[in-house]
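Here the protein sequences line up with chains R and B, keeping their order. Under the working numbering, the first residue of the first sequence is numbered 3, with each subsequent residue one higher. Under the working numbering, the first residue of the second sequence is numbered 6, with each subsequent residue one higher. Some notes on the structure that comes next.
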Amino acid sequence: MKAYLILEDGTVFKGQSVGSTKEAISEIVFNTSMTGYLEVLSDPSYAGQAVVMTYPLIGNYGITPDMESNKAWPDGYIIKEISRLPSNFRSWGGLNEFLIRQDIPGICKIDTRALTKLLREKGTMNGMITTDEAFKTEEVLQRIKAYRTKDAVARVTCKSRFIADDEDFKSWTPSEKEADIGNKCVNSSGIGKGSKKKFRVALMDFGAKRNIIRSLQNRGCEVVVFPAFASANEIIGNKPDGIMLSNGPGDPEDNKSIIKEIKTLYETTIPIFGICLGHQLMALAMGGKTYKLKYGHRGGNHPVKELVTGRVYISSQNHGYAVEAGSIDESIGKEAFVNVNDGTNEGFIYARKGVFTVQFHPEACPGPTDTAFLFDRFIDSMKT
Amino acid sequence: MPKREDIKKVLVIGSGPIVIGQAAEFDYAGTQACRSLKEEGVEVVLLNSNPATIMTDKDIADRVYIEPLVPEVIEQLIIKEKPDCVLPTLGGQAGLNLAMELEESGFLKSHNVKLIGTGAQAIKKAEDRLMFKTTMEKIGEPCAPSMVVESIAEGVEFADSIGFPVVLRPAYTLGGSGGGIASNKRQLREILENGLRLSRVGQVLVERCIAGWKEIEYEVMRDTAGNCITVCNMENIDPVGVHTGDSIVVAPSQTLSDKEYQMLRSAALNIINELGIEGGCNVQFALDPETFEYCVIEVNPRVSRSSALASKATGYPIAKVAAKIALGYTLDEIKNTVTGKTYASFEPMLDYCVVKIPRLPFDKFIGARRALTTQMKATGEVMSICDNFEGALMKALRSLEQHVDSLKSYDYSKLTMEELEELLIIVDDLRIFRIAEALRRGIPRQDIHELTKIDSWFIDKIAILCEMERTLSEKPLTAEILKEAKRLEFPDSVIAKLTGKDEQQIYDMRIENNIICAYKMVDTCAAEFEAQTPYYYSVYGSENEAKRNKDKKKVLILGSGPIRIGQGIEFDYCSVHCAWAFEEEGYETIIVNNNPETVSTDFDIADKLYFEPLSAEDVKSIVELEKPDGAVVQFGGQTAIKLTEDIMKMGVPILGTAAENIDAAEDRERFDKILEECGISRPAGHTVFTAEEAKRAAHELGFPVLVRPSYVLGGQGMQIAINDHDIDMFMGIINRFTQEHPILVDKYLQGKEIEVDAVCDGSDILIPGVMEHIERAGIHSGDSISVYPAKTISERAKATIVEYTKRLARSLHVIGLINIQFIVVDEDVYVIEVNPRSSRTVPYISKVTGIPIVKLASKVIMGSTIKELGYEPGLQKESDYYAIKMPVFSFEKIRGADISLGPEMKSTGECLGIASTFHEALYKAFLGAGIRLPKYKNMIMTIRDSDQEEACEIAKRFEAIGYKIYATRGTARALNLAGVEAQTINKIEQESPTLMDLILGHRIDLVIDTPEQGSERAKDGFVIRRCAIETGVNVLTAIDTAKALITSLENSDIRELTLIDIAKI
């Protein structure tokens, strides 16, 4: 079936429909990862966005147990070519079936490079994926332009507090057998569950990726997941050894109430580690400013430099907003990481002991695991 | 970290002659590195014995030594030039081994010279099998169970304990020489014996066979501060068991999930951190396709063939960055020249797919075993880029120039199902065509996967291509189908064949439906950042990014494609210099080429690089976009010459010698006429098409005759026939492929072979020098030792040669380069071949005379005259130096190849000997080619009757310098009669001890075996030669070569060589 991608500037890409055939209007962003399409699809940070994959061959290894949450989140999926035959020992099906089951509309066989260049030059734009050949440009453009990502965090956060355990990771996989294979693999690649629980970590779920939880569990933490709107007191009352502010979707400034609670958490002595949206919210809580990047950072190849050591790490990134580096008073927080490519802020270390945040994703999935040591730092800060 | 202040003068070691396993990639890496070092104000001293390289140009390094790569030479060079550092990791295994030898002997330390880049300790840890294994165990990176053995007994015991099959890898050899897989004890003994001998340290690794696992490589970089990145990963389509150099390789990996990708990436970084690599490094893994189990196969602590491929596949200049790291910079301080905005500390993201296919030399070695093993056999490779895998595969196939344009190019349709299935298991260069046939017959993908162990994803992609073949041949051709076929990169010619239409119809239908290709940029970052790189590849069905520059005159320069025997790195040298010359004159230069190993495909050589197949259709698409003002074909070897007619039809003027004149040199009748007009003789000959005609011609001329196809290079298919039987056989071989042009049968003349390159501006000619071949006519000029200046011909003959060159250049209206080969019999000069184009000898003669021939020729092509360029026409004054170009062979790599020399070229590379005396130059040339004598002072001679008189002379001289000579009965008798104390030794079929025992006893320095001419080659001789070559014994098959060798040995001493700075000539 034919499908169309209409951008708010009026550009129309004609392609073929994949996944669901329903219409979707969303913010169009691109991701440059060459592997990890499933992790991207299941990353809650993409709620309210439609993703373009710049790598042209997608779905090669099918659907594996590598989900980062229980479902796929993007409003739409835009690719060049979908693999006819998925091939991998862990694969249980093809990407197209998956998109259909997840009701994600997609479009393929379009010039994703031309689209990416457009987004790079004009900045992130809204767009619509539709299979309706008879769309009326004028009418559609108005709707596209009107689109705003709203209440993104509310959409993705958990409904109530729970203690993360293995069941959460099995919940999505289609059968026991496949779950087994999945877990075995995950363990053998060092991403499995840990054994003895030494610390309790309260995770504020703004749309957390599973591997944040797994990374903590592997280091001996019991992870208590709190809804994004939990109060600081509720969290403190749980007596955590550390607080994890997770990644998540949307404009950080939309989360006024959460920011207030984070301010309260800052006033305790509990170590706090923030990732991505967590990083931005902490900055806002400390009087900093955020701004929207022209087209964001989404991919697995971004160099970040730790200013104290001068070391450069390759990181996994997914953010459309950034913290203005000079917006936080030096006496409150110091810039800890910068992006080598464009000099944007990638992390802060705060004056209050045990509080540090990063813009990138040390939990990877997809992408390089070079900065996983930050979880160790977080654990160390809980020890002292 | 900023640049180190203690580095002012660096010695860079190159990789020497092109051999299988070590090709043009090191010229690319070395050139890039030297330029990168010079950019930083460092003085560069370069040592490389290979004169055909760009890196040995005086504009690349400050001081250039084209001298043998042996420790004695480097020692003398270090004493002479006093560099403060040596950069050893850019010259392949050859350069690395040499630097390690000097480090281990303490020479570097005692002369206060540091190794920069990856240090000696790291190199040892990566290269020494035992240390490597221990290191991997320490950091928990798995290796296949293995043991380093130093004897056969040890190997057998270990193999018994882990079970067969086992893989054998000798330590410190290049291209996996002497390695292999043994399935039983007999094979184990055979391979092990050979491997132990070839290893520089007498060690062979015996390991668990993981054949059938996926082979995955990572190209990684690390700086002194410990920052690490991976440039690219690559997946071998052929599973473990085939050398990665002989595998079809795709980048990035296609069948790995992020978990697998990151697991191996982390392992690679873990490894280079532990080893302490400072620069580029290649890590190879085997990955079990059914679990997450993996093992580390190998680490190359240097730039490599794979790193050249990764550089071209991603746009990330690995060698350049490695050189900067060696100077002390960290990755985040080095600019990414592609974007100009970002830094070297990032990982390239591809938004396309890259396929590499090796160029194997089985068309040259017809009798050789085609099986692919862990011993590399490819002489070169092609790369292609497309936005889909099928398209990339199709493009790469036609880039090979092996009469292949689709998966139907080899016909297996006559095989029975049983035969086909059996043949699917055989791993050779043609397997992909059999897989396609199997798919056409409906053999399930799963079955093919089980037989071949190739991932089903790739098999399905081949199936998609086969389905398109079927659609095209069965369904009416619609625009929709055509569009899809073009997306899959089916050439118009193949579509025409399959649909029963002609090519023009397909082309017209494409134009009508606007199905034209677009060009996309290779930008390292999947369009995330704006890039400036003018590096393009074509795709169908997308938006075009390449913009035509309207302001400048544009020249199209056609490259020479994959490195193969007969068309090597020298043509890349010419293409690059041509581009530079045109740029100097204000042209926009556009290079088209498909060889990832070369300098010409570095994106900063030409103004624009199109990484595309060199087929007429692919070039036409570029022409339609760029509308160049002219095209240059004379520098890209036969690959470019073959396109002349097509380019003219596209309406692009051929700059330089006109197409009709190029044709006149190849068309026998027209050429004969020209010779007649010029009053020049040539050996009598005829043009024929059939074997019957050939025999008739031969009888008229009288045997021996030369038989060869016209329009070929490297004497491909050229043979000396001494009887009708030979003619039948040779004609059969030539006519395996339909010949568009007639076959030539010429009288074979024995005399001195002379070669001349000349620049002609239409009226004047410039001859930089006259070269003479040491071997008599009958041995391909590329396989002969070439001496400049010519030494044994008279001044009168020389004058005749100059005069003939002038006449020929004029009557062929040559504008640019011409190469002529003559035979001089007494004072009579005959022309045997004229090539109105650049030749193999151009880089060498340029360097030894100091005359930049390609530059001059390019400027002449642009309209300057020789006089305007400041040169006096005619033969230039002879240089103060003798320069000798020595062919280098890779026979030990190709099992079953006959090593005897003849009219068909067999050498893969060359080295130079340059000195003020002939003898020293000759000695250096032999030394550079790896013939380092004497050792044991034992030699074997088996000489054909016609050579025996001369052989006696040679034997006496060897005897005089202390050699003991063994000879077969006939030869021994002749030698004894001549007063040489030769000892008779039994032939192979006779009782022990035989020749073979002697060779295998490893006390033999040299075998001189001159085979009978023609096809009646004794089987015995073949076995002796193979056996000697595989045992690492030097074998000479031409009496003239033997004479030259003894002359050089009599007169020279390795301790008293004078080193010559080419940059000062």
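The beta-carbon is built from N, C-alpha and C at its ideal position, and this holds for glycine as well.
Tell me which same chain residues have a C-beta within less than 7 Å of the C-beta of G290(R), skipping the five on either side of it?
The residues are V325, E326, S329, I330.
Mind checking who R68(B) pairs with in its DSSP beta bridge?
V50(B)
Roughly how many whole angstroms lie between the Cα atoms of Y352(R) and D45(R)?
Taken atom to atom, the span from the alpha-carbon of Y352(R) to that of D45(R) is near 28 Å.
Three-pair Cβ contact test at 8 Å for the stretch 360-380 of chain R versus the stretch 353-365 of chain B
With the cut-off at 8 Å, the stretch 360-380 of chain R and the stretch 353-365 of chain B do not touch.
Restricting to Cα atoms, I'd like to know which of G239(R), K200(R), S71(R) is closest to N220(R).
Closest by alpha carbon: K200(R).
D207(R) burial status per 10 Å Cβ neighbour count (16 or more: buried):
Counting C-beta atoms within 10 angstroms of its own C-beta, D207(R) has 16 or more neighbours from the protein chains shown and is therefore classed as buried.
Same chain, Cβ closer than 7 Å to S41(B), neighbours up to 5 away in sequence not counted:
K325, A328, K329
Measuring only the C-alpha atoms, how far is R741(B) from S93(R)?
Spanning the two alpha carbons is a distance of roughly 46 Å.
Going straight from the alpha carbon of F608(B) to that of D452(B), what length do you get?
The straight-line gap from Cα to Cα measures roughly 43 Å.
Any 3 or more C-beta pairs closer than 8 Å across the stretch 226-236 of chain B and the stretch 275-294 of chain B:
Verdict: yes, contact present.
Does DSSP put C110(R) in a helix, in a strand, or in coil?
strand
Quick one, which of P229(R), A74(R), R202(R) has its alpha-carbon nearest N240(R)'s?
R202(R)
Does the beta carbon of Q267(B) come closer than 8 Å to any beta carbon on chain R?
yes
Measure the Cβ-Cβ separation of K14(B) and P73(B) and say whether it is below 8 Å.
no
Cα-Cα separation between M526(B) and T384(B), rounded to whole angstroms:
28 Å
On a Cα-Cα basis, can you pick out the residue from L120(B), A176(B), H818(B) that is closest to I3(B)?
Since the first and last residues shown for chain B are 6 and 1070, residue 3(B) lies out of range.
Going by DSSP, name the residue or residues bridged to K296(R).
Paired residues: none, contrary to the question.
Hey, quick one: how far does the alpha helix (DSSP H) through Q219(R) stretch, first residue to last?
In this chain, the alpha helix (DSSP H) harbouring Q219(R) covers 212-220.
Please list, in chain order, all residues of the same chain as L121(R) whose beta carbon is under 8 Å from its beta carbon, the five residues on each side excluded.
I30, V31, F32, V54, M127, Y297
Output yes if chain D places a C-beta closer than 8 Å to the C-beta of F351(B); else output no.
The structure shown contains no chain D; its protein chains are R and B.
Among residues of its own chain, excluding the 5 on either side of A645(B), which ones have a beta-carbon nearer than 6 Å to its beta-carbon?
L563, V638
Whose C-beta lies closer than 6 Å to the C-beta of P147(B) among residues of the same chain, with five residues either side of it excluded?
C300
Please list the partners that Q537(B) has in chain R, where partner means a Cβ-to-Cβ separation under 9 Å.
Correct list: empty, because the minimum Cβ distance to chain R is about 14 Å.
In chain order, what residues of the same chain have a beta carbon less than 6 Å from the beta carbon of S411(B), not counting five sequence neighbours either side?
V499
For T1063(B) and chain R, any beta-carbon pair shorter than 8 Å?
no
In the DSSP output, which residue or residues are listed as bridge partners for V288(B)?
Y223(B), V304(B)
Which stretch, first to last residue, makes up the beta strand (DSSP E) that contains Q319(R)?
314-325
Flag this pair as touching only if the stretch 248-258 of chain B and the stretch 361-373 of chain B have three or more C-beta atom pairs under 8 Å; answer yes or no.
yes
Considering only C-alpha positions, which residue in the set A443(B), N393(B), I390(B), N189(B) is nearest to Y2(B)?
Within the shown structure, residues of chain B are numbered from 6 to 1070, placing residue 2(B) beyond reach of any answer.
Whole runs of the beta strand (DSSP E) within the stretch 546-600 of chain B, excluding any shorter than 3 residues
559-563, 593-598
Can you find at least 3 beta carbon pairs, one from the stretch 915-929 of chain B and one from the stretch 824-841 of chain B, that sit closer than 8 Å?
no
How should K174(B) be labelled, buried or exposed, when 16 other C-beta atoms within 10 angstroms of its C-beta is the threshold for buried?
In the sequence under discussion, the amino acid at residue 174(B) is Arg, which differs from the Lys named in the question. Buried, because 16 or more other Cβ atoms sit within 10 Å of the Cβ of R174(B).
Top-ranked residue by Cα proximity to I334(R), from D256(R), K355(R), P368(R)
That would be K355(R), whose Cα lies nearest to the Cα of I334(R).
If you measure from the beta carbon of S89(R) to each beta carbon in chain B, is any gap under 8 Å?
yes
Compare the C-beta of S19(R) with all C-beta atoms of chain B and state if any pair is closer than 8 Å.
no
Measuring from the CB of G661(B), is there a heavy atom of the ligand ATP at a distance below 7 Å?
This structure simply doesn't include the ligand ATP, nor any ligand for that matter.
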